[in-house]
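Enquirer:
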Amino acid sequence: MNKLNQSLILCFLFILSAGCSDESVVTEEQQQVQILWSDTVTPYTKLALWQQSRVYDAGHVLMLPMEYAFKIAPNPVMQSDFHQLFANYLHNYDDASTNDFYRFQFNYAALRYLNYIAPSNWSTDNHALFNKLKADFIHVWYEKPQSNHGISGDGREEIVAWKYNNRGNTNRNFKRATIDIEFYGFAILAEIISITQKQEKTVEQRLLSSQALVTNVFKQEVSYTSTGWLYQPGQWQDNIDYLYAGYYVAEPDLSYSMVEGIATDSSHSHRMPLWLTSLKNAYPEFSEENLYFDELIQGFKEQFINVVLVPSSDDFYGPRMTNYMDGHNGVYRYRYHDDPDLKLGYEEYNLSGTLFISFYPFLYDERISREFAQLAFPLPQETIELYQGLGATKNYEDLISFPNYFNNGFAELYSIIAEKMY
1031 MNKLNQSLIL CFLFILSAGC SDESVVTEEQ QQVQILWSDT VTPYTKLALW QQSRVYDAGH
1091 VLMLPMEYAF KIAPNPVMQS DFHQLFANYL HNYDDASTND FYRFQFNYAA LRYLNYIAPS
1151 NWSTDNHALF NKLKADFIHV WYEKPQSNHG ISGDGREEIV AWKYNNRGNT NRNFKRATID
1211 IEFYGFAILA EIISITQKQE KTVEQRLLSS QALVTNVFKQ EVSYTSTGWL YQPGQWQDNI
1271 DYLYAGYYVA EPDLSYSMVE GIATDSSHSH RMPLWLTSLK NAYPEFSEEN LYFDELIQGF
1331 KEQFINVVLV PSSDDFYGPR MTNYMDGHNG VYRYRYHDDP DLKLGYEEYN LSGTLFISFY
1391 PFLYDERISR EFAQLAFPLP QETIELYQGL GATKNYEDLI SFPNYFNNGF AELYSIIAEK
1451 MY
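The opening residue of the sequence shown carries number 1031 in the numbering used here; numbering runs sequentially from there.
1. Which residues in the same chain have their Cβ closer than 6 angstroms to the Cβ of Thr-1307, if we skip the five residues on either side of it in sequence?
2. When you compare only the Cα positions, how much space is there between Tyr-1021 and Ser-1256?
3. Classify Gly-1089 as buried or exposed, calling it buried when 16 or more other Cβ atoms lie within 10 Å of its own Cβ.
4. Grab me the residues of Tyr-1086's own chain with a C-beta within less than 7 angstroms of its C-beta, minus the 5 sequence neighbours each way, in chain order.
5. Which ranges would you report for the alpha helix (DSSP H) in the stretch 1370-1417 if only whole runs of at least 4 residues count?
6. Mind the definition here: the stretch 1306-1320 touches the stretch 1273-1291 only if three or more C-beta pairs lie below 8 angstroms; say whether that holds.
7. Which class does Ile-1361 belong to by DSSP, given the choice of helix, strand or coil?
8. Could you give the DSSP three-state label for Glu-1053: helix, strand or coil?
9. Let me check understanding here. Comparing Cα to Cα, which of Pro-1433, Pro-1391, Ile-1446 lies closest to Tyr-1452?
10. Roughly how many angstroms separate the alpha carbons of Arg-1197 and Tyr-1272, rounded to a whole number?
11. With Pro-1303 and Ile-1335 assumed to form a contact (beta carbons below 8 angstroms), what rounded beta-carbon distance in angstroms separates them?
12. Within 10 Å of its beta-carbon, does Leu-1321 have 16 or more other beta-carbons around it, so buried, or fewer, so exposed?
13. Can you round the beta-carbon distance between Val-1337 and Asp-1324 to whole angstroms, since I take them to be within the 8 angstroms contact cut?
14. So, is Phe-1407 buried or exposed, given that buried needs 16 or more other C-beta atoms within 10 angstroms?
15. Which residue or residues does DSSP assign as beta-bridge partners of Val-1340?
16. With distances taken between CB atoms, is the gap from Pro-1095 to Tyr-1435 smaller than 9 angstroms?
17. Mapping the DSSP letters down to three states, classify Trp-1259 as helix, strand or coil.
18. At the level of alpha carbons, what is the spacing between Ile-1211 and Ile-1447?
19. Let me make sure I understand the geometry here. Which of Ser-1239, Tyr-1364, Gln-1404, Ser-1388 has the alpha-carbon closest to that of Ser-1342?
20. Would Leu-1092 and Tyr-1119 qualify as a contact pair, given that the criterion is a beta-carbon distance under 9 angstroms?
21. Any chance the stretch 1382-1398 sits against the stretch 1410-1418, with 3 or more Cβ pairs inside 8 angstroms?
22. As an exercise, report each continuous beta strand (DSSP E) stretch of at least 3 residues that is fully enclosed by the stretch 1147-1189, in chain order.
23. Is the stretch 1270-1284 close to the stretch 1182-1200, with three or more CB pairs under 8 angstroms?
24. What separation, rounded to the nearest whole angstrom, lies between the Cα atoms of Ile-1225 and Glu-1187?
25. Please go through the same chain and pick out, in chain order, the residues whose beta-carbon is closer than 6 angstroms to the beta-carbon of Glu-1332, but skip the five residues on each side of it.
26. Could you tell me how far apart the beta carbons of Ala-1117 and Met-1108 are, in whole angstroms, since I believe they sit closer than 8 angstroms?
27. Do you know how far the Cα of Lys-1162 is from the Cα of Pro-1264?
28. Measuring straight from C-alpha to C-alpha, what distance separates Ser-1240 and Asn-1438?
29. Please identify the residue among Tyr-1376, Gly-1185, Ile-1189, Ser-1317 whose C-alpha is closest to the C-alpha of Gly-1276.
30. Go ahead and label His-1157 buried or exposed: buried means 16 or more other beta carbons lie within 10 angstroms of its beta carbon, across all protein chains shown.
31. Are Tyr-1274 and Tyr-1394 close, meaning C-beta to C-beta below 9 angstroms?
32. Taking just the CA atoms, how far does Ile-1223 sit from Asn-1425?
33. Taking the beta strand (DSSP E) that Ser-1253 belongs to, which residues open and close that run?
34. Could you check where the alpha helix (DSSP H) with Lys-1310 kicks off and where it finishes?
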């Protein structure tokens, strides 16, 4: 199908989805979104994204398009892609990744999808999916034996509680670091509580107790700065991924160069805005805890924008990020792989490609949106090479592999949506 016919069909579909009033005139930008969406999101959501090889990335890539389809510019045609995706997930739930962390990432997206839809409008499938997601969380959080750097427990919450109660009581800092599956557990817990409250049902006491623990964890682990705050600065400094942060170029045969008190990396930290939003919304509006997490969102925003985000300039086309949340820009994950075709580690600004799959736009700030608004695609080759990080992605889904992602319309669609997020 040529682009002209495709554009006309998409324009017609958009008008149908928007209604028949005079206000349903389709702008050039809306047509562009429709075309890019049909080339990227629609075929991507038709894949079995819950499977092991795809589930990790899907939990990142889909979050911003989903926000656009349900909240920024509600559109039944776009929403139908997610309705079908999560209906397929329900009916193939037994085929989901067996990796708890990977599955939690996708389940978080599924719960946010359910939260976009008023529970009063849920279908039988929606209720069934929620029950499966909740049961999965309860099993991993409270029942399934877990371990992390020598810490064991019956359920992930026991490990979280051990870390909370043993501050400064380990021979390795990173043993106490909150890891991704725990953060996702915090956010999933919050979404389950929010949805249960919307259904006007009673939240189980153990879920409320976990919610209180999570809030206390943040109050203990957040360290305030002159601009915002950092989560557990120094906690990762003796972990192998951080041991070469004192260098700025990943040359062969480097020895350790630890940076005392270093903050978490800016790539993994991109999920924080949405996690905090979920935690905030699980508490009653204007309650002490609700306001606390709102303040954390604002502080994280200022830390990111004033310390980490590097605006596009004459020196480099496109926004960049320092590699660490305290503004340090040294090497991250040195020799994380054995591939001779890739860089030996993430060098200065090499985590910047994460911006284009990140949750940073969920900070809803004009300064972030402005950086995406001024981009023109296709991007310069120099920009793409930096955004690729270590190099071209291998053995990943073609639609979201690097550099394909920056050339096939996905990154462009993301940029257009991110521009609207303020």
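Glycine included, each C-beta is placed from N, C-alpha and C at the ideal position.
Every value quoted in this text rests on a predicted model; they were computed, and no experiment measured them.
Expert: Let me lay it out:
1. If you number the sequence shown from 1, residue 1307 lands on position 277. Same-chain partners within the cutoff: there are none.
2. Residue 1021 lies beyond the residue range present for the chain, which begins at 1031 and ends at 1452; the question has no answer from this structure.
3. As a position in the sequence shown, residue 1089 is number 59, starting the count at 1. The residue in question, Gly-1089, is buried, as its Cβ has 16 or more Cβ neighbours within 10 Å.
4. Here the question's residue 1086 lines up with position 56 in the sequence shown. The beta carbon of Tyr-1086 sits closer than 7 angstroms to the beta carbons of Tyr-1132, Gln-1135 from its chain, once the five residues preceding and following it are set aside; these are given in chain order.
5. 1396-1403, 1411-1417
6. no
7. Your numbering for residue 1361 matches position 331 in the sequence shown. The sequence shown places Val at residue 1361, not Ile. DSSP, reduced to helix, strand and coil, places Val-1361 outside both helices and strands of the structure shown, so it counts as coil.
8. Translated into the one-based positions of the sequence shown, residue 1053 becomes position 23. Residue placement at Glu-1053 is flagged as unreliable, the pLDDT there being 44, under the threshold of 50; the coordinate-derived value follows with that caveat. Of the three classes helix, strand and coil, the one that applies to Glu-1053 here is helix, per DSSP.
9. Reading the sequence shown from its first residue, position 422 is the one you call residue 1452. Comparing Cα positions, the closest option is Pro-1391.
10. In the sequence shown, residue 1197 corresponds to position 167, counting from 1. In the sequence shown, residue 1272 corresponds to position 242, counting from 1. Cα-Cα distance, rounded: 20 angstroms.
11. Translated into positions along the sequence shown, residue 1303 becomes position 273. Translated into positions along the sequence shown, residue 1335 becomes position 305. 12 angstroms between Cβ atoms; not a contact.
12. For the purposes of this step, residue 1321 is taken as residue 291 along the sequence shown, with counting starting at 1. Exposed is the call here.
13. Within the sequence shown, numbered from 1, the residue matching residue 1337 stands at position 307. Within the sequence shown, numbered from 1, the residue matching residue 1324 stands at position 294. At roughly 20 angstroms, the Cβ-Cβ gap does not stay under 8 angstroms, so Val-1337 and Asp-1324 are not in contact.
14. Residue mapping note: residue 1407 aligns to position 377 of the sequence shown, counting from 1. Result: exposed.
15. Along the sequence shown, one-based indexing puts residue 1340 at 310. Checking the DSSP bridge columns, you'll see Val-1340 partnered with Arg-1350.
16. For the purposes of this step, residue 1095 is taken as residue 65 along the sequence shown, with counting starting at 1. For the purposes of this step, residue 1435 is taken as residue 405 along the sequence shown, with counting starting at 1. Contact: no.
17. Within the sequence shown, residue 1259 is the residue found at index 229, counting from 1. Looking at Trp-1259 - three-state DSSP - the assignment turns out to be strand.
18. As a position in the sequence shown, residue 1211 is number 181, starting the count at 1. As a position in the sequence shown, residue 1447 is number 417, starting the count at 1. The alpha-carbon atoms of Ile-1211 and Ile-1447 are separated by roughly 27 angstroms.
19. Locating residue 1342 in the sequence shown gives position 312, where the first residue counts as 1. The residue with the shortest Cα to Cα distance from Ser-1342 is Gln-1404.
20. Position 62 of the sequence shown holds residue 1092. Position 89 of the sequence shown holds residue 1119. It is not a contact, given that the beta carbons lie outside the stated cut-off.
21. Yes, they touch.
22. 1175-1178, 1181-1184
23. no
24. Stepping through the sequence shown from its first residue, residue 1225 is reached at position 195. Stepping through the sequence shown from its first residue, residue 1187 is reached at position 157. Computed Cα separation, rounded: 21 angstroms.
25. Translated into the one-based positions of the sequence shown, residue 1332 becomes position 302. Excluding positions up to five away in sequence, the list reads Thr-1257, Gly-1258.
26. Reading the sequence shown from its first residue, position 87 is the one you call residue 1117. Reading the sequence shown from its first residue, position 78 is the one you call residue 1108. Your pair Ala-1117 and Met-1108 does not check out as a contact, with CB atoms roughly 16 angstroms apart and the cut at 8 angstroms.
27. By one-based count along the sequence shown, residue 1264 stands at place 234. By one-based count along the sequence shown, residue 1162 stands at place 132. The sequence shown places Gly at residue 1264, not Pro. When rounded, the distance between both Cα atoms is 37 angstroms.
28. Position 210 of the sequence shown, counted from the start, is the residue given in the question as residue 1240. Position 408 of the sequence shown, counted from the start, is the residue given in the question as residue 1438. Straight through space, the alpha carbons of Asn-1438 and Ser-1240 are spaced by roughly 42 angstroms.
29. Stepping through the sequence shown from its first residue, residue 1276 is reached at position 246. Out of Tyr-1376, Gly-1185, Ile-1189, Ser-1317, Tyr-1376 has the C-alpha closest to the C-alpha of Gly-1276.
30. Position 127 of the sequence shown, counting from 1, holds the residue named residue 1157. Flag for His-1157 reads exposed.
31. On the sequence shown, residue 1274 is found 244 positions in, with the first residue counted as 1. On the sequence shown, residue 1394 is found 364 positions in, with the first residue counted as 1. Contact flag unset, no.
32. Residue 1425 sits at position 395 when you count from the first residue of the sequence shown. Residue 1223 sits at position 193 when you count from the first residue of the sequence shown. Computed Cα separation, rounded: 37 angstroms.
33. For the purposes of this step, residue 1253 is taken as residue 223 along the sequence shown, with counting starting at 1. Unbroken beta strand (DSSP E) run through Ser-1253: 1252-1254.
34. Looking up residue 1310 in the sequence shown gives position 280. Lys-1310 -> alpha helix (DSSP H) spans 1302-1311.
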